Amino acid sequence: MKRKRIKQLLDNPATGEDVLVKGWVRTRRGNKNISFIALNDGSTINNIQVVAENSAFDESLLREITTGACLAVSGKLVESQGQGQNVEINASSIEIYGKCDAETYPLQKKGHSMEFLREHAHLRFRTNTFGAVFRIRHAMAYAIHKYFNDRGFYYLHTPIITGSDAEGAGEMFHVTTLDLKNPPLTETGEVDYSRDFFGKVTNLTVSGQLEGELGALSLGEIYTFGPTFRAENSNTPRHLAEFWMIEPEMAFYDLEDNMNLAEDFVKYLITYALENCSDDLGFLNNMIDKGLLERLKFVVANDFVRITYTEAVSILTAASRKWEYPVGWGRDLQAEHERYLVEEHFKRPVILTDYPKEIKAFYMKQNDDGKTVRAMDVLFPGIGEIIGGSQREEDHDKLLNRINELNIPIKDLWWYLETRKFGTAPHSGFGLGFERLILFMTGMSNIRDVIPFPRTPKNAEF
RNA sequence: UCCUCAGUAGCUCAGUUGGUUAGAGCAACGGACUGUUAAUCCGUGGGUCGCCGGUUCGAGUCCAGCCUGGGGAGCCA
Numbered sequence: 002m003k004r005k006r007i008k009q010l011l012d013n014p015a016t017g018e019d020v021l022v023k024g025w026v027r028t029r030r031g032n033k034n035i036s037f038i039a040l041n042d043g044s045t046i047n048n049i050q051v052v053a054e055n056s057a058f059d060e061s062l063l064r065e066i067t068t069g070a071c072l073a074v075s076g077k078l079v080e081s082q083g084q085g086q087n088v089e090i091n092a093s094s095i096e097i098y099g100k101c102d103a104e105t106y107p108l109q110k111k112g113h114s115m116e117f118l119r120e121h122a123h124l125r126f127r128t129n130t131f132g133a134v135f136r137i138r139h140a141m142a143y144a145i146h147k148y149f150n151d152r153g154f155y156y157l158h159t160p161i162i163t164g165s166d167a168e169g170a171g172e173m174f175h176v177t178t179l180d181l182k183n184p185p186l187t188e189t190g191e192v193d194y195s196r197d198f199f200g201k202v203t204n205l206t207v208s209g210q211l212e213g214e215l216g217a218l219s220l221g222e223i224y225t226f227g228p229t230f231r232a233e234n235s236n237t238p239r240h241l242a243e244f245w246m247i248e249p250e251m252a253f254y255d256l257e258d259n260m261n262l263a264e265d266f267v268k269y270l271i272t273y274a275l276e277n278c279s280d281d282l283g284f285l286n287n288m289i290d291k292g293l294l295e296r297l298k299f300v301v302a303n304d305f306v307r308i309t310y311t312e313a314v315s316i317l318t319a320a321s322r323k324w325e326y327p328v329g330w331g332r333d334l335q336a337e338h339e340r341y342l343v344e345e346h347f348k349r350p351v352i353l354t355d356y357p358k359e360i361k362a363f364y365m366k367q368n369d370d371g372k373t374v375r376a377m378d379v380l381f382p383g384i385g386e387i388i389g390g391s392q393r394e395e396d397h398d399k400l401l402n403r404i405n406e407l408n409i410p411i412k413d414l415w416w417y418l419e420t421r422k423f424g425t426a427p428h429s430g431f432g433l434g435f436e437r438l439i440l441f442m443t444g445m446s447n448i449r450d451v452i453p454f455p456r457t458p459k460n461a462e463f
């Protein structure tokens, strides 16, 4: 008999048929006559109830059906006599693939703290919460590719190892094959990277943007979706040392087009989840965050507020409120300021644009006022900046001047500058932090719980 | 990295001004129960009190250092 997924049985229950399911025991209840086994195979958050008449099975086999054990069960799918489910399987045979010693298995029938489960990341997939989170994570990854593919964007693979040290997005992880105990040295006593694997200093990428621009300036619209690495000593519920980022980059888009895309994109993803992950979202809404569904629907239904940095500073200055950090034109906005705008003043997602050039990256398009750049940050309730992007500076000389002002070594960026020399074009793009999106989508509160194996300072277990 | 809180049974926690043998609920295990839904009821076992020093007649409790984790901040996505 061919195995059926539990999702399939529950979605289209063909009662009366013999079925075969395989999965892991969530709980087993019963008395000396009958056993009820809740079985889950990961296809859905819902379990199927297996009913076994104890007299039909060896006592030793029944004893081994404990929480966590892996079973193959065949039997007839019937309407349930009990209240909690529509259908159940009357087991005719049970095979135990993997026993699970109840005395040493870390997961219990009852709830565990997120911290405890994080330390058991190899097993936490077996919980309802993490099953839901990682099914949603998958659905979002798929929806991202679908969104862009349907709109003529090309998926571009930008390098993970980079020789460019000029992206300026944070501390980088060094990549080397040199013997750290005994590295080759130059005459002046420095490490001689010309004898390293790539013949130069290399790092793990902090962004695929610069390479993404190269693709956009010929392919038109591209996006990247890959791992990103930051060696910052950040210890917060919103930061990872290894995370996934989506970076679309579009020729002929100005900042307005860029904002329109970002807003449409995020709303599409939320809508996709609402339509395709309702069981998992419903569970998370009940167990993790009672306001989750309401918030997701609200974001889809309402326009994002769009204001300039300068307008935001005015609002913050006028707010009758004490700031821990001062507000003033030219200062970067702090978390408390962003939170006020999103969660109190506007009570909806906010896109801030046209920041002072001093607090933004070198590649952003300079406005005519000489003071601001065509930047945009999309701020979300609860998680802060979910998207950061800009129109890019396409003017070769303006870009070169800015690079020189910031003392960025041109030898690392000659190829980037050449795109402005040969057939330059107005273009824009942004970066969306995938895990921050998943935080918002699931109502989870710590970013370490929305990536299967989090990498953070002092933690690379599993 | 800074601020702050915490670390006691498998899990979640209590533990009095420092004082004899460190407790509870849940889980596990044994038993009862004719269909259970985080089943229920009765019973049993289970401890390097994060680590290392110090103070003291005596430290889970007080002090110093370190480690780990949570929350907040910075950096950012």
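Here the first sequence stands for residues 2 to 463, where the numbers follow the working numbering. Note that beta-carbon positions come from the ideal geometry of N, C-alpha and C, so glycine has one too. On a predicted model such as this, the values are computed, not experimentally measured, just so you know.
- Item | Nearest residue (CA-CA) to E406, options A362, D370, M377, A376 | Indexing the first sequence from 1 puts residue 406 at position 405. Nearest C-alpha to E406: A362.
- Item | T420, DSSP secondary structure in three states | Counting from 1 along the first sequence, the entry for residue 420 is found at position 419. Helix at T420.
- Using a Cβ-Cβ cut-off of 7 Å (strictly less than) and excluding sequence neighbours within five positions of D281, which residues of its own chain qualify? Numbered from 1 along the first sequence, position 280 holds the residue referred to as residue 281. Within the same chain, D281 has close Cβ partners I46, A133, R136, I137.
- Same chain only: Cβ atoms within 8 Å of S321, ignoring 5 sequence neighbours per side: Here residue 321 refers to the residue found at position 320 of the first sequence. Cβ neighbours of S321 beyond the five flanking positions: none.
- Message: Would you call the region 437–444 in contact with the region 272–287, where contact means no fewer than 3 C-beta pairs closer than 8 Å?
- Response: For the pair of segments examined, the region 437–444 was found to touch the region 272–287: the number of CB pairs separated by less than 8 Å reaches three.
- Task: Note down, one range per segment and in chain order, each alpha helix (DSSP H) of at least 4 residues found wholly within the region 107–154.
- Result: Those alpha helix (DSSP H) runs which fall completely within the region 107–154 and span 4+ residues are 115–119, 129–151.
- Go through its chain and collect everything with a Cβ distance to A144's Cβ below 6 Å, but skip five positions before and after it. Working through the first sequence from its first residue, we reach residue 144 at position 143. Excluding residues within five positions, the ones whose Cβ falls inside 6 Å are L270, Y273.
- Query: Going by alpha carbons, who is nearest to T67 out of N91, E80, K110, V306?
  - Reply: In the first sequence, the residue the question calls residue 67 occupies position 66. Checking every option, the nearest Cα to that of T67 belongs to K110.
- Message: Between the region 408–420 and the region 249–262, can you find at least three pairs of beta-carbon atoms closer than 8 Å?
- Response: They do not touch, by the three-pair rule.
- Message: Please give me, in chain order, every unbroken run of the alpha helix (DSSP H) with length at least 4 that falls completely inside the region 278–347.
- Response: Counting whole runs of 4 or more residues, the region 278–347 contains the alpha helix (DSSP H) stretches 279–288, 293–302, 310–319, 336–340.
- Pairwise C-alpha distance: R375 and T309: To locate residue 309, count along the first sequence from 1; it is residue 308. To locate residue 375, count along the first sequence from 1; it is residue 374. The straight-line gap from Cα to Cα measures roughly 10 Å.
- Around the C-beta of A48, are 16 or more other C-beta atoms found within 10 angstroms, so that it is buried, or is it exposed? For the purposes of this step, residue 48 is identified with residue 47 of the first sequence, where counting begins at 1. Just to set this straight, residue 48 is Asn in the shown sequence, not Ala. Here N48 is buried. Its C-beta has 16 or more other C-beta atoms within 10 Å.
- Message: Can you tell me which residues form a DSSP beta bridge with S391?
- Response: Taking the first residue of the first sequence as position 1, residue 391 is located at position 390. S391 is bridged to A376, G430.
- Query: Along the chain, where does the beta strand (DSSP E) that runs through R239 open and close?
  - Reply: As a first step, residue 239 must be located in the first sequence, where it is residue number 238. Unbroken run through R239: none, as it is neither H nor E.
- DSSP three-state assignment for D265, whether helix, strand or coil: If you number the first sequence from 1, residue 265 lands on position 264. Correct three-state label for D265: helix.
- Kindly list the residues whose CB is nearer than 6 Å to the CB of V192, restricted to its own chain and excluding five residues on each side of it in sequence; keep chain order. Position 191 of the first sequence, counted from the start, is the residue given in the question as residue 192. Contacts found: P184.
- Would you list the residues sitting across from Q50 in a DSSP beta bridge? As a first step, residue 50 must be located in the first sequence, where it is residue number 49. Note: Q50 is bridge-paired with A39, E89 in the DSSP secondary-structure output.
- Message: Here's the rule I'm using: 16 or more other beta-carbon atoms within 10 Å means buried, otherwise exposed. How should R64 be labelled?
- Response: Stepping through the first sequence from its first residue, residue 64 is reached at position 63. That one is exposed.
- Item | DSSP bridge partner residues for F226 (one or two, in chain order) | Start at 1 with the first residue of the first sequence, and residue 226 comes out as number 225. Residue pairing by DSSP places F226 opposite I247 in a beta bridge.
- Query: Three-state secondary structure (DSSP) at D398?
  - Reply: In the first sequence, the residue the question calls residue 398 occupies position 397. If DSSP states are grouped into helix, strand and coil, D398 belongs with the helices.
- Inter-residue CB distance, V79 and E89 (contact presumed, cutoff 8 Å): As a first step, residue 79 is located in the first sequence; it is residue number 78 there, counting from the start. As a first step, residue 89 is located in the first sequence; it is residue number 88 there, counting from the start. About 6 Å separates the two Cβ atoms, so the contact holds.
- With 16 other CB atoms within 10 Å as the buried threshold, where does A336 fall? If you number the first sequence from 1, residue 336 lands on position 335. Classification of A336: exposed, given that the 10 Å Cβ count is below 16.
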